[in-house]
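Notes follow once the structure below has been shown.
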Amino acid sequence: MKKIIYSLAVIATLIIAAFIFQSFKKGKTTKAPLAETYMVTTVAGMGEDRSIDGKGEKAGFTSMLGHMTTDANGNIYVIDGSRICKISPDGEVNTLFGQNIYDAEGNPKEIGQWLNGADGICIDKNNNLFISQQNRHMIIKITGEKTITDYAGDGGNSGNDDGPALSSGLSSPKGICIDKAGNIYVADSWNGKIRKISADGKTISTFAGKGRGEYEPGAAAKSASFGDLMTLAVDSKGNVYTPQTYGRGTCIVKITPAGTTSMFAGDIDKLGTGKDGTGKAAEFLQVTAITTDAQDNIYVAESRRVRKITPAAVVTTLAGASKQGDSVGGFRDGEGSKAMFSYLNGIAVDANGNIYTSDFETYRIRKIAKQ
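Counting from 1026, one number per residue, gives the positions in the sequence shown under this note's numbering.
Here's what the structure looks like:
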């Protein structure tokens, strides 16, 4: 009997081995998907607090380095205090507007007017730039990289009303973004509202928010309260995203065109360490800027790392410390988690999926590219 049992066991083992071999031979084995890897490099910046045009490491930025955007040709536009810089794909930095600017040889440059209180920036399909000015409570438009006109806001006066774009008020506008139809969304921070400027530039309306306060998940868009609105992003379907922190945790809020709000990723009711995860299981800390790509992925700049949120709300860390408290701030290029940032203050994505960030404490523009 023992011999029979032993023989049956051997036969069964051989059958299983043969099945596995045939499956492998026919390519039927399942492999775990490889994790995405990213490389961090420096596009421009000498690492000193100086306003200097030039290429790569010969260019200089200040500690006011902030929000940014990209055009269809891969040029980067970034706000650096009171100046607006254009950076070519090969790292050539030129100031479009600003004062107290110097060329690569240290000679003073006279360039246009000073942009007081510039904060948010976006670009339309015709390469017109739109910039929010906190101090003037205005949105300005830059045409042809040389002509500045007021686009929305009540002549520099703080306000809160909807109506004609150039007679309706904003109050310390910060982050802005533009949808595929040309509508512009404004983080109207002191009013606690997200405002919408029509694509023709004629009217301002309230897209979401009734005033400053603690965000309550699930509130109707126009009944929702928002804390300090700093940065916005919009996807191809017209959904607007903004981070919210109010005394506890941080979440990314999604506001739909139908007028609903929800916690898309992260949990405002839970203090966390910044772990990756899906939806409310993910954790965020110190979100400073967000943007979207053509596939509706969201990219988040935290102070020392870059995160990605898929349309399914899956959150992963692409570069920087794997957790917010894992390392001190600093500067180091390299692969993914080996790279170091000091304090990120802006983020943008180009048409090829390359991610750019402004690291204002190291005075540099960094690039995060998929390998």
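Every residue gets a Cβ at the ideal spot worked out from N, C-alpha and C, and that includes glycine. Remember, predicted model here, so these are calculated numbers, not experimental data.
(message) Quick check: what's the CA-CA separation for K1083 versus D1187?
(response) 46 angstroms
(message) Could you compute how far the alpha carbon of G1291 sits from the alpha carbon of G1299?
(response) 9 angstroms
(message) Distance check for N1182 and T1303, CA to CA, integer angstroms please.
(response) Cα atoms of T1303 and N1182: separation of roughly 42 angstroms, rounded to the nearest angstrom.
(request) Using the Cα positions of F1232 and I1280, report the straight-line distance between them to the nearest angstrom. (result) 9 angstroms
(request) Would you identify the three-state DSSP class for S1248, choosing helix, strand or coil? (result) helix
(message) With a threshold of 8 angstroms, are at least 3 pairs of Cβ atoms found where one atom belongs to the segment 1374 to 1389 and the other to the segment 1076 to 1095?
(response) yes
(request) Pull up the distance between the alpha-carbon of P1220 and that of A1338, whole angstroms please. (result) For clarity, residue 1220 is Arg in the given sequence; the question names Pro instead. R1220 and A1338: Cα-Cα distance of roughly 25 angstroms.
(request) Determine the DSSP secondary structure at G1234, reduced to helix, strand or coil. (result) Looking at G1234 - three-state DSSP - the assignment turns out to be coil, as it is neither helix nor strand.
(message) Measuring straight from C-alpha to C-alpha, what distance separates G1355 and S1076?
(response) So the alpha carbons of these two residues sit roughly 21 angstroms apart.
(request) Return the first residue and the last residue of the beta strand (DSSP E) that Q1158 is part of. (result) Its beta strand (DSSP E) spans residues L1154 to Q1158.
(request) Spatial neighbours of K1227 within its chain, please: CB distance less than 7 angstroms, with the 5 preceding and 5 following residues excluded, ordered by chain position. (result) P1189 and A1190
(request) Flag this pair as yes or no: are the beta carbons of A1326 and T1313 separated by less than 8 angstroms? (result) yes
(request) Spell out the partners DSSP gives R1391 in its beta bridges. (result) The partner list for R1391 (beta bridge, DSSP) reads T1067 and T1382.
(request) Report the residue from S1248, E1239, D1175 and N1185 whose alpha carbon sits nearest the alpha carbon of W1215. (result) N1185
(message) Whole angstroms are fine: how far does the CA of I1101 sit from the CA of L1369?
(response) C-alpha separation (whole angstroms): 16 angstroms.
(message) Taking 8 angstroms as the limit between beta carbons, can you name the residues of its chain near A1376, skipping five residues before and five after?
(response) T1095, A1097, G1099 and A1319
(request) Would you kindly work out how many angstroms separate the C-alpha atoms of G1142 and I1148, rounded to a whole number? (result) Across the structure, G1142 and I1148 are spaced so that their CA atoms are roughly 18 angstroms apart.
(request) Specify, as a first and last residue, the run of the beta strand (DSSP E) that H1162 falls within. (result) Unbroken run through H1162: none, as it is neither H nor E.
(request) Name the one or two DSSP bridge partners that I1148 has. (result) DSSP, once it has assigned bridges, lists L1154 as partnering I1148.
(message) Can you find the residues in the same chain that come closer than 7 angstroms, C-beta to C-beta, to N1160, ignoring five residues on each side of it along the sequence?
(response) Excluding positions up to five away in sequence, the list reads N1141 and G1142.
(request) Please state whether DSSP places E1082 in a helix, a strand or coil. (result) helix
(request) Output yes if chain C places a C-beta closer than 8 angstroms to the C-beta of Q1159; else output no. (result) The structure shown contains no chain C, having only a single protein chain.
(message) Tell me which residues share the same chain as F1309 and place their Cβ nearer than 6 angstroms to its Cβ, disregarding the 5 neighbours each side in the sequence.
(response) T1275 and G1291
(request) Identify every residue that forms a DSSP beta bridge with F1122. (result) Note: F1122 sits in a beta bridge opposite I1109.
(message) Measuring alpha carbon to alpha carbon, tell me which residue in I1146, K1080 and E1130 is nearest I1315.
(response) For I1315, the nearest C-alpha among the options comes from I1146.
(request) Would you please state the rounded distance, in angstroms, between the beta carbons of Y1266 and A1258? I believe it to be under 8 angstroms. (result) 5 angstroms
(request) Work out the CA separation of L1343 and E1061 for me, nearest whole Å. (result) 8 angstroms
(message) I'd like to confirm the pairing. Which residues does DSSP put opposite Q1269 in its beta bridges?
(response) C1276
(request) Run the CB neighbour count on T1055, radius 10 Å, all protein chains shown included, and call it buried at 16 or more, exposed below. (result) In this prediction, T1055 has a pLDDT of 36, which is less than 50 and means its spatial position is unreliable; nothing more can be read from the coordinates.
(message) Which same chain residues end up closer than 7 angstroms to G1284 when comparing Cβ atoms and leaving out the 5 residues on each side of it in sequence?
(response) A1245, A1246 and K1247
(request) Tell me, to the nearest whole angstrom, how far the beta carbon of I1323 is from that of I1277; I am working on the premise that it is less than 8 angstroms. (result) 7 angstroms
(request) With DSSP as the reference, please indicate the residues paired to D1074 in a beta bridge. (result) F1086
(request) Assign D992 to one of two classes, buried (16 or more other C-beta atoms within 10 Å of its C-beta) or exposed (fewer than that). (result) Absent from the structure is residue 992, since the part of the chain shown begins at 1026 and ends at 1396.
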